[in-house]
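Residue numbers (my numbering), protein chains in the order written: chain A, 39 to 220; chain B, 39 to 220.
All residues carry an ideal CB built from backbone N, CA and C; glycine is no exception.
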DNA sequence: GCCTTTGTCTAGCAGTGTTATATAACGATG
DNA sequence: CATCGTTATATAACACTGCTAGACAAAGGC
């Protein structure tokens, strides 16, 4: 066996650079504009180099998405653990980084959720919603998550009245915190 | 002026054929597999012919989506006008035609919703949800729609526990029909 | 018969993701 | 110091995409 005859240029560092450039480019011009050629040009290298960091364009997008879940989890944890504060933080996050959110949820990806091999950032983001309620319940958290996700995506595609963001959030909040009559 | 020296092959008919073939292909192999070449091959014509029916691939996908909204509106109207029945019909529709639903909501499209030029099928589908409630309210309907949409998409991408579909629907239903304490 | 109009096809452009092959840079060894 | 072997990078190509200009053919009116 022999050691590295040529120093590896810190793969992790370059992964981060590629992820960052992809995010920037996507947020500016949309995901279709994020091509391997343009990305390589932006970084001053050639396409094949990108394939030493990510096996495919899809793998790169998945990495960006995972990155996004990490940030989302942090954004949720950063505010007080009340349903309304956390839900508002969720909607704010989605509105602030629409393309990133798109990569996390709308673009095809191999990231499962309620499975055995669920990546850790996804679990952390989910618990950020679940633990916002006084009596955490899995089903309630799933419904809250779904409501937030629905509001975020429909809002982003211009299918809800922009002037009623607050009213909808209020209604969801009231519904979820009302004592169940069940 | 002069009349048609060659009979037009019923453009509307062919539009429907193309839409149908695109839907079938998408449902079978996913949207990326729906290429103009493959679609033309499936229909026994060449690519340029498709462009006489639709200006672009995007326009074709939009047409498929609009078609889907039409079917969704019909599926909702077909069941009794109760919140639970309509919401279940919505989720069933999304689960039965995942790629069609994807075209309607996840793929980029120019179909607005809460705008002046909102296509009529979209309005009909939305009212199918709104009018399911005893006292129709726009905000309530938007929230119900968002919850359904969130459940449908998160479920489709395997991010909710498959065994708890009914429990989540129950919870949403209870929340939305409970008298507001506000 | 011809001519005009129009639909269709062939062939091509520019761009994509991805990869096989060649080149150049570098550490370890003699 | 020179050579060797390894490995990151670059060049060039493949197969594919959406889309389109120009050539061909079919079908009515005269």
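Residue i: contacting residues in chain B (beta-carbon distance under 8 angstroms)
i: residue 205 of chain A; result: 177
i: residue 214 of chain A; result: 213
DSSP-derived helix/strand/coil call for residue i
i: residue 195 of chain B; result: coil
i: residue 93 of chain A; result: coil
i: residue 40 of chain A; result: Note that residue 40 of chain A scores 45 on pLDDT, short of 50, meaning its location in the model is unreliable and no value can be drawn from it.
i: residue 204 of chain B; result: helix
i: residue 187 of chain A; result: helix
i: residue 56 of chain A; result: helix
i: residue 177 of chain A; result: helix
i: residue 81 of chain A; result: helix
i: residue 165 of chain B; result: helix
i: residue 154 of chain A; result: coil
i: residue 106 of chain B; result: helix
i: residue 118 of chain A; result: coil
i: residue 171 of chain B; result: coil
i: residue 73 of chain A; result: coil
i: residue 146 of chain B; result: coil
i: residue 48 of chain B; result: coil
i: residue 211 of chain B; result: helix
Residues that residue i contacts on chain B, provided the C-beta gap is smaller than 9 angstroms
i: residue 85 of chain A; result: Ordered by position in chain B, no residue passes the 9 angstroms Cβ test against residue 85 of chain A, which lies about 20 angstroms from the chain.
Interface partners of residue i on chain B, CB under 7 angstroms
i: residue 209 of chain A; result: 177, 178, 181
i: residue 144 of chain A; result: 144
i: residue 129 of chain A; result: Ordered by position in chain B, no residue passes the 7 angstroms Cβ test against residue 129 of chain A, which lies about 11 angstroms from the chain.
Cβ of residue i within 9 angstroms of any chain A Cβ
i: residue 73 of chain B; result: no
i: residue 135 of chain B; result: no
i: residue 186 of chain B; result: yes
i: residue 120 of chain B; result: no
i: residue 198 of chain B; result: yes
i: residue 77 of chain B; result: no
i: residue 195 of chain B; result: yes
i: residue 138 of chain B; result: no
i: residue 49 of chain B; result: no
Chain-ordered chain A contacts of residue i [CB-CB under 7 angstroms]
i: residue 96 of chain B; result: Simply none; closest approach about 11 angstroms.
Selected residue, minimal CA-CA separation from residue i, among the options
i: residue 205 of chain A; options: A:63, A:156, A:189, A:65; result: A:189
i: residue 177 of chain B; options: A:88, A:202, A:124; result: A:202
i: residue 134 of chain A; options: A:214, A:216, A:62, A:54; result: A:62
i: residue 112 of chain A; options: A:161, A:195, A:68; result: A:161
i: residue 173 of chain A; options: A:185, A:121, A:96, A:107; result: A:121
i: residue 60 of chain B; options: B:210, B:200, B:137, B:165; result: B:137
i: residue 168 of chain A; options: A:184, A:154, A:155; result: A:184
i: residue 105 of chain B; options: B:70, B:214, B:94, B:142; result: B:142
i: residue 194 of chain B; options: B:131, B:166, B:51; result: B:131
i: residue 118 of chain A; options: A:214, A:196, A:93, A:170; result: A:170
i: residue 50 of chain A; options: A:101, A:156, A:147, A:146; result: A:101
i: residue 180 of chain A; options: B:179, B:180, B:191, B:175; result: B:191
Min CB distance residue i to chain B below 9 angstroms
i: residue 189 of chain A; result: yes
i: residue 168 of chain A; result: no
i: residue 161 of chain A; result: no
i: residue 147 of chain A; result: yes
i: residue 114 of chain A; result: no
i: residue 110 of chain A; result: no
i: residue 192 of chain A; result: yes
Within chain A, the residues that residue i reaches when beta carbons sit closer than 9 angstroms
i: residue 104 of chain B; result: By Cβ distance, chain A contributes nothing, its closest Cβ being about 14 angstroms from residue 104 of chain B, past 9 angstroms.
Practice task
Could you run through the stretch 51-68 of chain B and flag, in chain order, every residue whose CB is less than 9 angstroms away from some CB of chain A?
Solution key: When CB distances to chain A are screened at a threshold of 9 angstroms, the residues of the stretch 51-68 of chain B falling below it are 68, in chain order.
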